[in-house]
Structures are given as structure tokens and as C-alpha cells.
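Colleague:
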């Protein structure tokens with residue numbers, strides 16, 4: 001119930017006792033008694049560490065991969081200043097197509113709650129496991145993943161459209177930057193949503209529904225934007 005000590009701690013826990021609510025109001029977390037403290041640490045504390053580290057790794061990864069796509073295209077275009085993706089695609093990437101699936105990780109559980117509650121030794125393990133916390137090694141692995149995925153995502157569309165569209169399609173001159181960009185961007189969104197599911201150890205109907213909604217929203221928005229004649233990708237989605 002020491003207010004000064006609670007405020008100085010990294011995470012302050014206060015108790016609502018006979019002395020009043022001053023300590024509870026100054027704390028980050030307020031408890032009705034010491035009996036709630038083990039569950040706060042062993043269950044909620046551990047899950048919070050796991051979820052936070054996962055989100056930090058993923059946010060860095062998804063930012064790196066789209067930046068590397070742009071850098072790869074800049075190199076291929078002789079650093080002309082042209083952008084592979086238009087402003088709408090870059091804005092929607094973080095706001096609509098990859099933002100909401102990450103929020104579903106608020107339900108992530110690497111270990112079931114009932115197991116954590118009866119196995120206190122799992123609590124200190126989270127600090128000793130490099131994969132669960134943000135470290136130079138774990139961050140390097142996620143950045144490395146972004147690097148090779150970006151290389152594949154930009155190389156395959158460029159090679160696929162190197163000779164224009166397949167026989168029976170539009171002329172070779174129509175296989176332009178917009179075609180390569182939309183193909184790479186579509187693959188990027190699918191990879192990002194697949195990564196969210198593959199990295200989840202506790203997939204619920206909420207996670208699956210949010211990822212599915214993200215993919216559906218991508219198709220709907222890109223189809224709508226592709227109907228605008230002023231947009232660089234006008235008519236490209238229908239051809240692809």
C-alpha cells in the first residue's frame with residue numbers, strides 16, 4: 001500500500017484495503033486482495049508478455065516486407081523515383097488489410113489458461129525463452145523472413161509478366177507496372193494473413209473470421225478502386 005513505491009515500480013499493483021483507495025488509484029492494476037495476485041502474474045502477466053512480443057515482431061516484419069518490395073522495385077527501375085504501389089495501397093496495407101488481424105492476437109494463448117494457473121514454473125520460463133521475448137536474435141529472424149519473402153513476391157510477378165500476358169490475353173504491352181504491382185500486392189496480403197494464422201497457437205473462430213474478413217475486404221476494395229479510371233490499376237484486376 002506504499003504509494004511512492006507503487007509509482008516507482010515498472011508495474012504497480014495496489015490493494016483495496018481498509019486504509020483507503022489511495023494506493024489502488026495510484027497503481028497500474030488494482031486488486032481486492034492478495035489472493036488475486038498469483039493469477040495476475042502467472043496467467044495474465046505471462047500471456048501479456050507473449051502477446052506483446054508477438055505483435056512487436058509482426059509489426060516490424062510487415063513494415064519491413066513492404067519497404068523491401070519498394071526498394072527492390074526502385075533498384076529494378078534504376079532508382080527513377082517511381083513507386084511500385086500507389087498511395088491507396090500503401091495506406092490500406094496498414095489500416096485495413098493487416099491491422100485488424102493483429103488485433104485478434106489479443107486472444108492468443110501459447111499455453112492454455114488452466115495449465116498456466118496450475119503450473120507456476122511456466123511464469124519464469126517466459127523470460128528465459130528467446131522466442132517469446134523481443135531480442136536481437138528473434139528480431140533478426142523476422143527481418144530475415146521479410147527479406148526472402150519480399151524477394152519472392154517481387155521476382156515471381158516480374159518473371160511471370162516478362163513476356164506479357166499468356167496467349168489469348170491482352171497484348172504484351174499491357175503487362176505493365178500496374179499488373180506486376182497488383183499481383184505482388186495481392187500475394188503480399190495473402191502472405192500476411194497466412195502468417196497471422198500460422199503464428200497463432202490458439203486459433204479461435206474470432207481469429208479466423210477476422211482474417212477471412214480482411215481478405216474479403218481486400219478483394220472488394222481493390223475491385224472498387226480498379227473501376228476508377230484515374231487509378232493506375234484501372235481494369236487490371238479484371239484481366240488478372
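Numbering (our numbering), first residue to last: 1 to 240. We treat Cβ as the ideally placed atom computed from N, Cα and C, and that holds for glycine.
#1: Compute the beta-carbon to beta-carbon distance between residue 211 and residue 197, rounded to the nearest angstrom, for a pair I have assumed lies under 8 angstroms.
#2: Between the Cα of residue 186 and the Cα atoms of 133, 199, 223, 28, which residue gives the shortest distance?
#3: Over the uninterrupted alpha helix (DSSP H) stretch that includes residue 266, give me the two end residues.
#4: Counting pairs of Cβ atoms below 8 angstroms between the stretch 17-27 and the stretch 40-58, do you hit three or more?
#5: Extract the residue ranges of the alpha helix (DSSP H) inside the stretch 9-96, only unbroken runs of 4 or more that lie entirely within it.
#6: Could you have a look at residue 118 and say whether DSSP puts it in helix, strand or coil?
#7: Starting from residue 179, trace the alpha helix (DSSP H) both ways and give me its first and last residue.
#8: State the DSSP-derived secondary structure class of residue 124, mapped to helix, strand or coil.
#9: Excluding five sequence neighbours on each side, which residues of the same chain lie with their C-beta closer than 7 angstroms to the C-beta of residue 111?
#10: Which one of 191, 178, 115 has the shortest CA to CA distance from residue 152?
#11: Count the other CB atoms within 10 Å of the CB of residue 37; is the residue buried (16 or more) or exposed (fewer)?
#12: Apart from the five residues just before and just after residue 72, which ones in its own chain have a Cβ nearer than 6 angstroms to its Cβ?
#13: Is it buried or exposed for residue 219, if we count other Cβ within 10 angstroms and need 16 for buried?
#14: Please classify residue 50 as buried or exposed, where buried requires at least 16 neighbouring CB atoms within 10 angstroms.
#15: Measuring only the C-alpha atoms, how far is residue 47 from residue 202?
#16: Are there 16 or more other CB atoms within 10 angstroms of the CB of residue 208, so buried, or fewer, so exposed?
#17: If we count the other Cβ atoms within 10 Å of its Cβ and call it buried at 16 or more, is residue 227 buried or exposed?
#18: Pick out whichever of 177, 189, 136, 157 has its Cα sitting closest to the Cα of residue 53.
#19: Exposed or buried, which one is residue 34 when buried takes at least 16 other CB atoms within 10 Å?
Modeller: From the atom records:
#1: 6 angstroms
#2: Taking only the C-alpha atoms, the option nearest residue 186 is 223.
#3: Residue 266 cannot be examined here, being either before or after the span of the chain that is shown, 1 to 240.
#4: no
#5: At a cut-off of 4 residues, the continuous stretches assigned as alpha helix (DSSP H) that sit fully inside the stretch 9-96 are 22-26, 46-76, 87-92.
#6: It is helical.
#7: 177-199
#8: Assignment of residue 124 by DSSP, reduced to helix, strand and coil, places it in the helix class.
#9: Take residue 111, set aside five residues on each side of it, and the residues of its chain with a beta-carbon closer than 7 angstroms to its own are 122, in chain order.
#10: 191
#11: exposed
#12: 154
#13: So residue 219 counts as exposed.
#14: buried
#15: 12 angstroms
#16: exposed
#17: exposed
#18: 136
#19: exposed
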